[in-house]
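Asker: Chains as they are written, first to last, in our numbering: chain A, 1 to 505; chain B, 1 to 248.
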Amino acid sequence: MSFETFVDASLALFDLEIMIWLLAGVLIGIVVGGLPGLGPPLGMAIILPLTLPLDAASAIILLVGVYSGSMYGGSIAAILINTPGVSSSAATMFDGYPMSKQGRAGTALSISATASAFSGLFTITALILFSPLLAQMVLSVGTPERFLVALLGLCMITVITRGSFAKGLLAGFAGLLITTIGSAQPVSTERRYSDHLLLFDGIDFVAVLIGLFAIAEMMKLAGQKGGIAEGDVVIDASGIREGIKSTFSRPGTVFKSGMIGMIVGAIPGAGATVSNFVAYSEAVRSSSEPDTFGSGNEVGVIASESSNNGTVAGSLVPAISFGIPGSSSTAVLIGGLLMHGVTPGTQMFQADGELLLTYTMLLALLIGNVVILVVGLAAVTRLGYLTKIDTNYIIPMVVVLSFLGTYALRINPIDILTIIVFGVIGFYMVRYNYSVIAFVLGVVLGDIAEDNLRTALQLSDGSYMIFINPFEYGRWLSPILSLVIFWLLVGPFAKPWIDRKLGRN
Amino acid sequence: MEHVLLLVFLVAGVYMFWGAREFSAAAAEFPRVMAGGTALLAFLILARNYLTVVAPLLAGAVGLYLSYGAATTYLETGEIQYRVAVGVALLVAAIVARDRVAESTKSFVAEPKQILGDDGMDDAREEGAQVDEETESSAMYTYDIDDPLGPAVTGALCVLYMILTFTIGMLYATPIFVALWALWVRMEPLKAAGLVVIAFVTAYLFYDVISSDIAEGWLTGWEPTPPDDLLGLSTLPAAVGEWLVVFV
């Protein structure tokens, strides 16, 4: 770890502007997460074009603040009205809502704030301590491996997500295809599928993200019954202290769930939704009273909320190391990095590169968790207002912000068309179980994948054996990665045959 | 509508695969692979009910294409490419092991895969928790539509918003869009007016702070009078009144 850079990053946090953006991000995140139907990818996608006038550090801190805040914010609706504000708070509903019905909403909300904050604190600390090792690993990975890791990330997502493997792969390929419109950077050649000048610069990936996450979500929200509170939600302030005590009395659950979140979050495509359920079911499994879960057991809320904030740290690992999003939110974050001229990868760990930005971001997240704790506990009795906001007010404002933010980026009418086209495509992709995260991964990774592929082939004089033959090129990681990718792709074909040979059904 | 989505992917894939033939060899490689993969997968999923027949045919066709390409390259340059092995293998499989090819392809296309195993949601369900259909998937989920008209109208209004943006600019298209939305959801007039004002102020902030170009209609080149000037016009009657007083 470059100590000097770490110290510089710590000092940078004392900048008032940085603090303001961090606070704003966390607060926006809590609101975005608390409103059913929104969620961190949408909130981050809308804010993304608005960060254009900001410097890279302020922009990234604002985005990670939204990400982190929304992980806590999602628990508000889950606890108060049995509707998760974000999918990563789904498991929080199981015990949070029964607690609310028992008149213990204040306890549940304070558990959520405390568990989220402390889990976030120690997982981010772990990431900071782990960062020198991570840096060594990233810096030792060469161009062929970076291409293969990108491909592996894509394959992993199609494996992780429930649903047809073919659909996930199709989504990934389609996302990669979008990035081929415009110019091919590695060979400095234009690629124009039509003579339309407006497509000269290709399809803007920020517009694609906004279409997929904002417009598609608003279309979906317009077709669903609003998840708003039908009456007054009573929140007892006296439960705050009880909630804090309950969380502190179970450090093992907080730690274990946070680590589950961090590990699962590092798997591309898994995200907080998976970690949420994994941590919850682990808490059930390891409990001496498993039957009490689902009817207001505090451990259930602790486990799920610890895990989803732990996921934030985990998902940053592949994102900043290789530019592979661990979740939809980190896909938008990577978009933010690219938009501000920062390429994820080795640059993020080089002292003469963006290591300062990396440490500033991680330290800002640490402070962000403190903000979550303070705001979450202070505002417990007021959080119910979020659940009363009608989606009929939210939908047009989100659409307006999406249009304004996108158009203001380049004043290119193609961007408006892009958000509508991908909004409709994204709506139907989700409707029919096609992986949007795989699509987004393709869009984000397309240029990186092609760049590394092209460079790797230049190193090998055009031979693809650089990815397979360790003896000729002295690279052992590449063949291993190639083998894993091969099995992920071929496995679904071979599995029935293998099962038959082994006499399984 | 899923068929429409798949057709979009298929057509886009075929179009871009064909279009890539005009690029240089180096620039065309990546797009052709991606376009080919997109078209192939879209076709397989579209034809999932007929894979028993389609899959071996497709495998044969792809095998033939790869073999032909490798053979052509060998004849032109003398270079032996790995894809000849893949092409021949596919051809042989399509002819000799058609049933197995069909079965494997069906397994690949039609059935959900969860290779890494249970993610805990089934356990959670067993414990009596209510697992929503919407929250089952990890990175994606299916959901039910309560009102099918909602998404359609939202989409249509977005298209109208776009058209208005291209004609009169986004500054004034924004409040019109919000007003139409408020009309559609039968919002109370006072709340609707408030929302329209908020939307217009937001658009104005973008116009003033970020880019004034958003107020120009891209298709027409027309830029409606900005609010600042309109505000100036609002003082015109007072100015005329003063002049009249002086004149009289």
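We put the beta carbon where it would ideally sit given N, CA and C, even for glycine.
Since the model is a prediction, treat every value here as computed from it, not as a measurement.
1. Find the nearest neighbour of A:Thr418 within the set B:Met1, B:Met162, B:Leu91, judged by alpha-carbon distance.
2. Residues in its own chain within less than 8 Å of B:Thr202 by CB, not counting five upstream and five downstream?
3. Alpha carbons only, please: which of A:Pro344, A:Ile203, A:Lys245 is nearest the one belonging to A:Ala56?
4. Cα-Cα, which of A:Gly368, A:Pro144, A:Cys155 is closest to A:Ile437?
5. Could you have a look at A:Ser164 and say whether DSSP puts it in helix, strand or coil?
6. Please list, in chain order, all residues of the same chain as A:Ala449 whose beta carbon is under 8 Å from its beta carbon, the five residues on each side excluded.
7. Tell me which same chain residues have a C-beta within less than 7 Å of the C-beta of B:Tyr15, skipping the five on either side of it?
8. Chain A partners of B:Pro148, CB-CB under 9 Å?
9. Along chain A, in chain order, which residues have C-beta atoms closer than 9 Å to that of B:Thr38?
10. For the structure I just gave you, are there three or more beta carbon pairs, one from the stretch 303-310 of chain A and one from the stretch 83-102 of chain A, closer than 8 Å?
11. So is A:Asp451 buried or exposed if we call it buried at 16+ other beta carbons inside 10 Å?
12. Suppose the cutoff is 7 Å on Cβ atoms and the five residues either side in sequence are ignored; what does the same chain contact list for B:Ser67 look like?
13. Given B:Ala42, which residues of its chain have a CB within under 7 Å of its CB, disregarding the five upstream and five downstream residues?
14. Using the three-state DSSP reduction, which class does A:Gly462 fall into: helix, strand or coil?
15. For the stretch 404-415 of chain A against the stretch 110-128 of chain A, are there 3 or more C-beta pairs whose distance is under 8 Å?
16. Taking Cβ-Cβ distances shorter than 9 Å, what residues in chain B pair up with A:Pro98?
17. Any Cβ of chain B within less than 7 Å of the Cβ of A:Asn297?
18. Of all Cβ atoms in chain B, is any one closer than 7 Å to the Cβ of A:Glu305?
19. Check each candidate in A:Ile372, A:Val208, A:Ala166 and name the one with the smallest Cα separation from A:Ile178.
20. Between the stretch 427-446 of chain A and the stretch 136-147 of chain A, do at least 3 Cβ pairs fall closer than 8 Å?
21. So, A:Gly265 versus A:Gly202, is the Cβ gap smaller than 7 Å?
22. At the level of alpha carbons, what is the spacing between B:Met121 and A:Val274?
23. Quick one: what's got a C-beta closer than 8 Å to B:Ala199's C-beta in the same chain, skipping five residues either side?
24. To which residues of the same chain is A:Gln330 closer than 7 Å at the C-beta, ignoring the five residues directly before and after it?
25. Who are the neighbours of B:Ser211 on chain A, taking C-beta pairs under 7 Å?
26. Classify B:Met1 as helix, strand or coil using the three-state DSSP reduction.
27. If I'm right that A:Ile210 touches A:Ile46 with Cβ under 8 Å, what's the distance once you round it to whole angstroms?
28. Does the pairing of the stretch 238-253 of chain A with the stretch 351-371 of chain A give three or more beta-carbon distances under 8 Å?
29. From A:Leu355, A:Asp204, A:Asn392, pick the residue whose C-alpha is nearest to that of A:Leu134; which is it?
30. Taking three-plus beta-carbon pairs below 8 Å as touching, is the stretch 4-11 of chain A in contact with the stretch 285-297 of chain A?
31. Buried or exposed for A:Asn276, please, with buried defined as at least 16 other CB atoms from any protein chain shown within 10 angstroms of its CB.
32. Can you give the beta carbon distance from A:Gly271 to A:Thr311, rounded, assuming they're within the 8 Å contact cut?
33. Since A:Thr381 is in the alpha helix (DSSP H), which residue starts that stretch and which ends it?
34. Kindly indicate if chain A contains any beta-carbon less than 7 Å away from that of B:Ile214.
35. Three Cβ pairs or more, each shorter than 8 Å: is that satisfied between the stretch 211-223 of chain A and the stretch 422-434 of chain A?
Answerer: On the basis of the supplied data:
1. The residue from B:Met1, B:Met162, B:Leu91 with its alpha-carbon nearest to that of A:Thr418 is B:Met162.
2. Take B:Thr202, set aside five residues on each side of it, and the residues of its chain with a beta-carbon closer than 8 Å to its own are Thr174, in chain order.
3. Cα-wise, what sits closest to A:Ala56 is A:Pro344.
4. Nearest of A:Gly368, A:Pro144, A:Cys155 to A:Ile437, Cα basis: A:Cys155.
5. Annotated three-state conformation of A:Ser164 is strand, per DSSP.
6. Apart from the 5 residues on each side of it in sequence, A:Ala449 sits with its Cβ closer than 8 Å to the Cβ of Phe147, Ala150, Leu151, Leu176 in its chain, given in chain order.
7. When the five nearest sequence neighbours on each side are left out, no beta carbon in the same chain lies closer than 7 Å to the beta carbon of B:Tyr15.
8. Near B:Pro148 (Cβ distances below 9 Å), the residues of chain A are Gly223.
9. Think of a sphere of 9 Å around the beta carbon of B:Thr38: the chain A residues whose beta carbon falls inside it are Leu170, Phe173, Ala174, Leu176, Leu177, in chain order.
10. Counting Cβ pairs under 8 Å, three or more are found: they touch.
11. A residue is called buried once 16 or more other Cβ atoms fall within 10 Å of its Cβ, and A:Asp451 is buried on that count.
12. Cβ within range, chain order: Val84, Gly87, Val88, Leu91.
13. In its chain, beyond the 5 residues on either side, Leu6, Phe9, Leu10, Gly13 have a beta carbon closer than 7 Å to the beta carbon of B:Ala42.
14. If DSSP states are grouped into helix, strand and coil, A:Gly462 belongs with coil.
15. For the pair of segments examined, the stretch 404-415 of chain A was found not to touch the stretch 110-128 of chain A: the number of CB pairs separated by less than 8 Å stays below three.
16. Within 9 Å Cβ-Cβ: nothing; A:Pro98 doesn't reach chain B, min ~10 Å.
17. False, the Cβ-Cβ gap to chain B never drops below 7 Å.
18. No, no contact with chain B.
19. Distance from the Cα of A:Ile178 is smallest, within the candidate group A:Ile372, A:Val208, A:Ala166, for A:Val208.
20. Judged by Cβ distances under 8 Å, the stretch 427-446 of chain A makes no contact with the stretch 136-147 of chain A, as fewer than three pairs qualify.
21. No, they are not a contact pair.
22. Reliability fails at B:Met121, whose pLDDT of 44 lies under 50, so the model's placement of it is uncertain and no value is given.
23. So the qualifying residues of the chain are Thr174, Pro175, Phe177, Val178.
24. Here residue 330 of chain A turns out to be Thr, not Gln, going by the sequence shown. Excluding residues up to 5 positions away in sequence, Ser315, Leu316, Ala319 lie with their Cβ nearer than 7 Å to the Cβ of A:Thr330 in the same chain.
25. Result: Ala408, Ile411.
26. In this structure, B:Met1 counts as coil in the three-state DSSP scheme.
27. That pair is a contact at about 7 Å.
28. The stretch 238-253 of chain A vs the stretch 351-371 of chain A: no contact.
29. In terms of Cα proximity to A:Leu134, the closest of A:Leu355, A:Asp204, A:Asn392 is A:Leu355.
30. The stretch 4-11 of chain A is not in contact with the stretch 285-297 of chain A.
31. Buried: at least 16 other Cβ atoms inside 10 Å.
32. About 7 Å; that satisfies the 8 Å criterion.
33. First-last for A:Thr381: undefined, no H or E at that position.
34. Cβ-Cβ to chain A under 7 Å: yes for B:Ile214.
35. By the Cβ rule, the stretch 211-223 of chain A counts as touching the stretch 422-434 of chain A, because three or more pairs are nearer than 8 Å.
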